[in-house]
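Written out below as structure tokens is the structure these notes cover.
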Amino acid sequence: EDKVVQSPLSLVVHEGDTVTLNCSYEVTNFRSLLWYKQEKKAPTFLFMLTSSGIEKKSGRLSSILDKKELFSILNITATQTGDSAVYLCARTPNNAGNMLTFGGGTRLMVKP
Amino acid sequence: DAGVTQSPTHLIKTRGQQVTLRCSPISGHKSVSWYQQVLGQGPQFIFQYYEKEERGRGNFPDRFSARQFPNYSSELNVNALLLGDSALYLCASSPGTSNNEQFFGPGTRLTVL
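Same order as they appear, the protein sequences are chains L and F. Numbering follows this note's numbering, with no gaps: position 22 of the first sequence is 22. For this note's numbering, count along the second sequence from 1 and bump the result up by 1000.
Given below as structure tokens:
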């Protein structure tokens, strides 16, 4: 079974801190890894990673994929209270279809 | 541009009943996928439809069924509801089935009593 495991399960930090969220996957076939932010209902898309070692960046958020070690990290610098959310990672298979297999998520709380 | 829309927002049913959830994808998107998210867990894949054909099915019982219409909107049906079907049901759309990011709707919160 292709599992996606995220750590930590939850994290509490203060505004201004930097956080690193981890996502590891077991895979027999792999095409891409995606990160989403879920605040209340709809997960919102953050990044899609397909190539190893190439960092993707959007403002204070960045992410990188290591296909050899089968993991990805999501970094958030200078955290703000608005970053409080559940962060989900998911992978797509290397065959027809782009169904997502999600990890359990990391719940991040940023305190003022 | 309108995003993915889902209806209804909330739904309360009793065990044994049947439910139909609806999803309209982003304009121009031809693929719709359904996910079930139980509280405290990540979403689990149920179905993917593309051009009105089923392209993938997750590990869900036959009580779950879906279809896609010519306008690419989709319905998810669940029969003989169980308490364990209580969850947030998310719909995601993408342009196709190749390596595209998927965009999620706000979900339908189903409570089974």
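From the three backbone atoms N, C-alpha and C, an ideal C-beta is built for every residue, glycine too.
Listed in chain order, the beta strand (DSSP E) runs fully inside the region 4 to 45 of chain L are 4 to 7, 10 to 14, 19 to 25 and 32 to 38, counting runs of at least 3 residues. Among the residues of the region 1085 to 1103 of chain F, those with a Cβ less than 9 Å away from any Cβ of chain L are 1088, 1090, 1092, 1094, 1096, 1097, 1098, 1099, 1100, 1101, 1102 and 1103, in the order of the chain. The shortest CA-to-CA distance from residue 93/L to any of 7/L, 22/L, 50/L and 38/L is the one to 50/L.
Put simply, the region 20 to 34 of chain L does not touch the region 1004 to 1021 of chain F. Fewer than three CB pairs are less than 8 Å apart.
Look at the region 51 to 72 of chain L: it has no residue with a C-beta under 9 Å from a C-beta of chain F.
Around the CB of residue 1070/F, fewer than 16 other CB atoms lie within 10 Å, so the residue is classed as exposed. When only Cα atoms are considered, residue 99/L and residue 47/L end up about 16 Å apart.
If the five residues before and after residue 25/L are omitted, its C-beta is found closer than 6 Å to the C-beta atoms of 4, 70 and 91, all from its own chain and listed in chain order. With contacts defined by Cβ atoms closer than 8 Å, residue 1075/F and residue 1021/F form a contacting pair. Residue 1100/F and residue 1080/F have their C-alpha atoms roughly 34 Å apart. The beta carbons of residue 1109/F and residue 1088/F sit closer together than 8 Å.
When the beta-carbon positions are compared, residue 104/L and residue 1044/F stay at least 8 Å from each other. The C-alpha of residue 1049/F is placed about 5 Å away from the C-alpha of residue 1055/F. The residue among 61/L, 10/L and 27/L with its C-alpha nearest the C-alpha of residue 95/L is 27/L.
When DSSP assignments are scanned along the region 57 to 112 of chain L, the uninterrupted stretches of beta strand (DSSP E) that are 3 or more residues long and fall wholly within it turn out to be 61 to 66, 71 to 76, 85 to 92 and 106 to 111. Counted as a single uninterrupted DSSP element, the beta strand (DSSP E) harbouring residue 1036/F occupies residues 1031 to 1037. Cβ atoms of residue 1096/F and residue 1031/F come within 8 Å of each other, at about 6 Å. Approximately 6 Å separates the beta-carbon atoms of residue 80/L and residue 15/L; this is inside 8 Å, confirming the contact. Listed by position along chain F, the residues whose Cβ is nearer than 7 Å to that of residue 34/L are 1101. Residue 1017/F and residue 1029/F have their C-alpha atoms roughly 32 Å apart. Contacts between residue 30/L and chain F, judged by CB atoms closer than 9 Å, are missing: the closest CB pair is about 11 Å apart.
Against residue 37/L, chain F offers no close residue; the least beta-carbon distance is about 11 Å (beta-carbon pairs closer than 9 Å). Taking CB atoms only, residue 43/L has a neighbour in chain F less than 8 Å away.
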